[in-house]
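Under my numbering, residues 2 to 329 are what the sequence shown spells out, in order. The C-beta atom is built at its ideal place from N, Cα and C for all residues, glycine as well. Have a look at the structure below, then the notes.
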Amino acid sequence: MSVINPNSIRQGDRRAMAKAITLVESTHPEKLDQGQTLLEELLPDTGKSLRIGITGVPGVGKSTFIEAFGMRLIEAGHQVAVLAVDPSSPITGGSILGDKTRMQQLSSHPQAFVRPSPSSGVLGGVARNTREIMLLCEAAGYDVIIVETVGVGQSETMVASMADLFLVLMLPNAGDELQGIKKGILELADLIVINKADGDQKTLAQRAVREYRNALQLLKPTRASWKAKVLQCSALEQTGLVELWEVMQDFREMLKTSGEWEEHRSHQAVRWMWSLIDEELRQSFRKHSQIQADIPRVEKAIRQGKQLPTRAARSLLDVWFSSKIPGK
């Protein structure tokens, strides 16, 4: 039995949510186990939301967009959770940017839940427990979950792996952006949205829409039942947001009709398991006392060209395996 009443989560009790998140983020074995027990009890109440991953180029106004879009959804009767993933301090592992200060209206609304998360050094800048916090939010009745990336490294791939729909925000100056955007990001996108389509940038935004549509013609669709679409909006003027939500609803309906929705979710769950296994093994390896003692010497030998990286890796793995597998 969990130390937190699951019904408190189902009723959207914010204090219970805060305690539950503390449990699932804990590194203390007993508290972590309590968090897992709670999640197991709540599992039947999860999975009903639309999970939206959002990334964008620097200066595109992600937080302004998320707040404007989130408030529009709340006006339409939805409950919105935002899991905003910040760059972490390399010393403390904690958030150094306060997303709540960038989304003041949304974070203070009773139908919204805004949670800045530390990335804790995990590949892609995504908090290791973001997926589990997402499940808690779903159990609490939030029917739209937005996960914002830090926009560096492989964070886009990480967020796309936990989202139903992946949205890439771009600026109106398409010519420059098309040169700089990684092809892999376009391949991940279900929607490309040109933000800041306002004022004297409206014409630029229209041109950007055409250029991105042309660029997408060269890419093979990643989904059988959906081709990525390009839209424009202005978070500042709050235009294009209703149309964007309508397209998202079409996306969900088309994938559910084709059966791709459930297949995608089940594949994500299996990949989630393997990512956790990879992370636990990596941490166990790095915490091994003998390996910690050997690493400076081994790294020095590699840098000086005295040892092959493959041979060095095998020697360290042998140390780890010998301590884990009897007779190895």
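At which residues does the alpha helix (DSSP H) containing Thr-223 begin and terminate?
-> Taken as a continuous stretch (DSSP letters only), Thr-223 belongs to no alpha helix (DSSP H), as it is neither H nor E.
Taking Gln-80 as the reference, which of Val-58, Val-115, His-289 has the closest Cα?
-> Val-115
Below 7 Å CB to CB, which residues in the same chain sit around Thr-47 once its five sequence neighbours on both sides are set aside?
-> Leu-136, Glu-139, Ala-140
Which residues in the same chain as Glu-238 place their Cβ atom closer than 7 Å to its Cβ, once the five residues preceding and following it in sequence are excluded?
-> Asp-199
Tell me, please, which residues DSSP counts as bridged to Gln-12.
-> According to DSSP, Gln-12 bridges with nothing at all.
Do Ala-21 and Ala-236 come within 8 Å of each other at the CB atom, strictly closer than that value?
-> no
List the endpoints of the continuous alpha helix (DSSP H) containing Met-171.
-> No alpha helix (DSSP H) holds Met-171; the beta strand (DSSP E) holding it covers 166-171.
Distance, Trp-273 Cα to Lys-288 Cα | 23 Å
Can you tell me which of Ala-302, Thr-223, Leu-232, Pro-45 puts its alpha carbon nearest to the alpha carbon of Glu-212?
-> Leu-232
Whole alpha helix (DSSP H) elements within the region 27-52, 4-residue minimum = 30-43
Within 8 Å, strictly: CB atoms of Gly-36 and Leu-24 = Yes, the pair counts as a contact, with Cβ atoms nearer than the cut-off.
Below 8 Å, can you find three or more Cβ-Cβ pairs linking the region 310-329 to the region 280-299?
-> Three or more beta-carbon pairs separated by less than 8 Å link the region 310-329 to the region 280-299, which places the two stretches in contact.
Please confirm whether Leu-189 and Glu-157 have their CB atoms less than 8 Å apart.
-> yes
Apply the 10 Å Cβ neighbour rule to Ser-96 and answer buried if 16 or more other Cβ atoms are within range, or exposed otherwise.
-> With a pLDDT of 46 at Ser-96, under the threshold of 50, the modelled position of that residue is not reliable, and the figure given next carries that caveat. When all chains shown are included, Ser-96 counts as buried.
With DSSP run on the structure shown, which of helix, strand or coil describes Gly-60?
-> coil
Determine the burial state of Leu-219: buried for a count of at least 16 other Cβ atoms within 10 Å of its Cβ, exposed for fewer.
-> exposed
May I have the straight-line CA-CA distance separating Val-243 from Gln-105, to the nearest angstrom?
-> Approximately 21 Å, taken between the alpha carbons.
With DSSP collapsed to three states, give me the class of Ala-113.
-> strand
Please name the residue in Ile-147, Pro-111, Lys-197 whose C-alpha comes closest to that of Thr-56.
-> The shortest C-alpha separation from Thr-56 is found at Ile-147.
Helix, strand or coil at Ala-21 [DSSP, three-state] = helix
Buried or exposed (CB count within 10 angstroms, at least 16 for buried), Phe-66 = buried
Euclidean distance between Cα positions of His-110 and Leu-205 = 34 Å
Which first and last residues belong to the alpha helix (DSSP H) in which Val-271 is found?
-> 261-288
Could you have a look at Leu-192 and say whether DSSP puts it in helix, strand or coil?
-> strand
Distance between beta carbons of Val-194 and Gly-54, contact taken as under 8 Å | At roughly 13 Å, the Cβ-Cβ gap does not stay under 8 Å, so Gly-54 and Val-194 are not in contact.
Leaving out the 5 sequence neighbours to the left and right, which residues in its chain are closer than 6 Å to Ile-5 when beta-carbon positions are compared?
-> Ala-17, Lys-20, Ala-21, Leu-39
Going by beta carbon distance, what residues of the same chain come within less than 6 Å of Arg-266, once the five residues before and after it are set aside?
-> none
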